[in-house]
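Participant: Counting in my numbering, the sequence shown runs from 394 upward without gaps.
Here a beta-carbon is modelled for each residue, glycine too, at the ideal position from N, C-alpha and C.
Because the structure is a prediction, the values reported are computed rather than measured.
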Amino acid sequence: MGACMALCSLASCASCLCGSAPCLLSSCCPSAFNSTITRLAFSFFLLLGTVVSIIMILPGMETQLQKIPGFCQGGTVIPGIEGKVNCEVIVGYKSVYRMCFALVCFFFLFSIIMIRVRSSKDPRAAIQNGFWFFKFLILIGITVGAFFIPDGTFNTVWFYFGVVGSFIFILIQLVLLVDFAHTWNQKWVENAEDGSRCWYAALLGFTVVHYACAFTVMVLFYVFYTQPDDCTEHKVFISLNFIFCIIVSVVSILPKVQEAQPSSGLLQSSLISLYTMYLTWSAMTNNPNRKCNPSLLQLVTNSPSTTAAPSTTVPPGQVQWWDAQGIVGLVIFLFCTLYASIRSSNNSQVNRLMQTEEVQGLASDAEEPVAEGEARHTVDNEEDGVTYSYSFFHFCLLLASLYIMMTLTNWYQPNSDYQAMQSTMPAVWVKISSSWLALALYLWTLVAPLILSDRDFS
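1. Taking only the alpha-carbon atoms, compute the straight-line gap between Arg509 and Val497 and give it to the nearest angstrom.
2. Using the Cβ count rule (16 or more neighbours within 10 Å means buried), how would you classify Arg590?
3. Express the C-alpha separation of Cys789 and Ile565 in angstroms, rounding to a whole number.
4. In chain order, what residues of the same chain have a beta carbon less than 8 angstroms from the beta carbon of Met449, not counting five sequence neighbours either side?
5. What would DSSP say about Phe426, mapped onto helix, strand or coil?
6. In angstroms with no decimal places, state the Cα-to-Cα distance between Asn803 and Val650.
7. For Gly719, which three-state DSSP category applies?
8. Kindly list the residues whose CB is nearer than 7 angstroms to the CB of Val445, restricted to its own chain and excluding five residues on each side of it in sequence; keep chain order.
9. State the start and end residues of the unbroken alpha helix (DSSP H) segment that holds Asp622.
10. Can you check whether the CB of Ala595 is closer than 9 angstroms to the CB of Ile535?
11. Please report the Cβ distance between Tyr618 and Met677, rounded to the nearest whole angstrom; I am assuming they are in contact, meaning their Cβ atoms lie under 8 angstroms.
12. Would you kindly work out how many angstroms separate the C-alpha atoms of Glu626 and Asn682, rounded to a whole number?
13. Can you give me the C-alpha to C-alpha distance between Val641 and Ser662, rounded to a whole angstrom?
14. Ser645 to Val724, Cα distance in whole Å?
15. With burial defined as no fewer than 16 other Cβ atoms inside 10 Å of the residue's Cβ, what is the status of Val779: buried or exposed?
16. Give the straight-line distance between the Cα atoms of Gly754 and Thr838, rounded to the nearest whole angstrom.
17. Beta-carbon separation of Gly442 and Ser794 under 9 angstroms?
18. Less than 9 angstroms between the C-beta atoms of Asn634 and Ser816, yes or no?
19. Kindly list the residues whose CB is nearer than 8 angstroms to the CB of Leu570, restricted to its own chain and excluding five residues on each side of it in sequence; keep chain order.
20. One question on the structure: do Val610 and Ser656 come within less than 9 angstroms of each other, judged by their Cβ atoms?
21. Give every residue of the same chain whose Cβ lies closer than 7 angstroms to the Cβ of Phe500, excluding the five residues on either side of it in the sequence, and list them in chain order.
22. Short check: CB of Glu652 to CB of Asn427, under 9 angstroms?
23. Where in the segment 564-607 do unbroken runs of the beta strand (DSSP E), each at least 3 residues long, occur, reported from the N-terminal end onward?
24. What span of residues does the alpha helix (DSSP H) with Cys498 cover, start to end?
25. Gly534 lies in the alpha helix (DSSP H); which residues open and close that run?
26. Just mark Ile639 as buried or exposed, buried being the case when its beta carbon has 16 or more other beta carbons within 10 Å.
What follows is the structure, encoded as structure tokens:
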């Protein structure tokens with residue numbers, strides 16, 4: 394009997410791995426729409442690749458791998474394995490490049506396949522929402538193949554792919570943050586109108602906290618990332634972004650803007666201002682001038698920046714993503730990726746930019762209650778039309794893979810002999826220009842209804 398139950402369990406698991414999204418729900422999960430479960434599953438693949446990249450870039454990994462007999466080149470001979478694995482490639486920034494290359498290829502493949510899928514009746518929708526076991530095998534196969542890519546030109550070329558892709562993903566992060574702030578503001582205002590006025594106080598409190606944090610870090614930037622006789626670029630970056638944040642904050646509360654966009658307000662502007670300060674900080678941490686770019690350890694110990702190592706080149710195994718800037722970048726990435734998978738927005742401009750429709754994340758309210766002990770299920774809400782662009786969603790995950798690659802390698806560039814990484818000014822300009830474009834994009838969401846008065850932005 395036990396053997397029969399085991400076989401039945403295995404058969405059930407196999408059907409789920411090869412089947413559609415409903416099998417991914419357990420009895421402890423609420424019923425949800427098919428589109429939401431699918432996006433979460435693909436986001437899990439991205440998260441899995443991120444975890445693998447983090448593990449392979451940890452210090453000491455190469456030493457540990459070399460302890461495996463015959464695994465690395467030059468080790469003890471094992472027939473069939475000798476000379477097959479270069480441990481310098483599967484650790485450090487080279488492993489991150491190859492893991493993220495595999496993720497990009499995986500999501501690019503699905504982005505091409507899913508072009509112009511209109512509803513779940515399209516045969517390709519079954520591929521999007523099912524066959525998870527085979528998708529996992531495809532990802533593993535691409536990953537294994539990526540680690541056989543020879544060193545050399547690949548590292549430099551892929552670095553520039555990462556720069557461009559990360560630049561675009563930073564803008565997508567801004568769109569998602571704007572959408573989150575709009576949804577947050579609208580929900581709490583509705584709660585305040587329906588009940589306690591404490592919701593207004595909570596909105597005001599978070600707005601004040603966001604602005605206070607943005608102003609505080611701006612002052613700290615002037616203190617630690619500028620010098621009286623040096624760091625002119627940093628002074629310009631900090632001053633310009635501070636002025637731009639004031640401008641968008643003032644525009645968001647203008648009477649005409651409020652009339653055209655009742656949901657706009659200072660909460661959104663405060664969150665965008667804080668995000669802009671993060672991008673400014675992220676840009677300054679890539680400045681190769683160590684006098685203008687003290688490490689976090691120097692700031693904590695209050696040691697002078699002149700004691701910093703004059704060289705801006707570091708070996709692959711010493712590229713540290715776990716500094717404050719890298720950790721904050723990963724946290725924002727995780728939040729935006731999760732939010733993109735479960736979001737439901739009433740903001741028409743953001744929906745147009747993200748190629749999504751107004752949907753609900755959970756199907757509990759739309760369906761009859763599920764009896765206790767009954768299996769949870771998903772609801773196919775895309776029979777009449779998809780709620781998001783399959784192709785564009787995979788393209789966003791593709792860009793997110795490149796952003797993770799650049800974040801884990803601190804946006805350092807491989808040097809001429811591909812054996813180490815070095816900080817460069819182009820990374821600084823890419824990040825700071827993305828902050829300006831992000832502010833411009835947010836400003837557009839505020840003034841677009843006024844400029845394009847003949848279009849419906851309701």
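Facilitator: This is what the structure holds:
1. 20 angstroms
2. exposed
3. 8 angstroms
4. Ile483, Val484, Gly485, Ser488, Val489, Met492
5. strand
6. 39 angstroms
7. helix
8. Met492
9. Unbroken run through Asp622: none, as it is neither H nor E.
10. no
11. 5 angstroms
12. 11 angstroms
13. 7 angstroms
14. 27 angstroms
15. buried
16. Residue confidence for Gly754 is low, a pLDDT of 43 falling below 50, so the modelled location carries little weight and cannot support an answer.
17. yes
18. no
19. Leu664, Ile665, Tyr668, Cys729
20. no
21. His787, Leu790, Leu791, Ser794
22. no
23. none
24. 485-506
25. 525-539
26. exposed
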